[in-house]
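Here the structure is laid out as structure tokens; the discussion comes afterwards.
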Ligand code: DX5
Ligand code: ZN
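Residue numbers (this note's numbering): 2 to 215.
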């Protein structure tokens, strides 16, 4: 099996020392850095914007995996690409179906990888026809908006369907309630990219926590 990509979510980092935490988690073996962008509309929480992404870009060369939980993602894609995003994932539920392919191409026009994400109540069948336009599909295993929630296994089961349609090289990512046990469940269903916030940042040994996910 190919190597599992671990993407610590900095939503659980110390925001007063964000650059330091990003650098540290990178040194501890993170493959990517997962950055949760929330607008208070698509989800009931507000987090960070492109200027913060730009500021922490100086802390590491690791892949910046930007998860947009915002309405009207098109409006902000250029800002995040310019700020140093390497992957930009938007939500299927935030856009019209007619926009999806064009948005994937728009993200890629900046030399950035494109991802599409589904919330817990969205069925995987809804996105099957679009997978081929993307580099990454993100299956939320909690309702997006907050870290530290409980993993929903029925959401992870969507991976089985998605895996059947996944082209070679597609990242199948999960996000929400991931720890060493739930990671096992997700990888057995086909996940090859794991986002974890609390499990990594609240652990006493970040290197070990990252290792335990692979
Ligand atoms: C939730 C975010 C997640 C969050 C995961 O909406 O998309 O990336 O930080 O946090 P944990 O791993 O603590 O569930
Ligand atoms: Zn996320």
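Don't be surprised by glycine CBs; every beta carbon is placed ideally from N, CA and C.
Check	Outcome
Would you mind sorting residue 194 into buried or exposed? The rule is 16 or more other CB atoms within 10 Å of its CB.	buried
Smallest Cα separation from residue 187: which of 112, 101, 153 and 21?	153
Would you say the beta carbon of residue 196 comes nearer than 8 Å to a heavy atom of the ligand ZN?	yes
Among the residues of its own chain, which have a CB less than 6 Å from the CB of residue 196, if the five just before and after it don't count?	8, 10, 35 and 176
Taking 8 Å as the line, does the beta carbon of residue 214 fall inside it for any heavy atom of the ligand DX5?	no
By how many angstroms is the C-alpha of residue 37 removed from the C-alpha of residue 6?	17 Å
I'd like to confirm something about residue 39: is its beta-carbon nearer than 8 Å to some heavy atom of the ligand DX5, or not?	yes
From the DSSP output, which residues share a beta bridge with residue 40?	47
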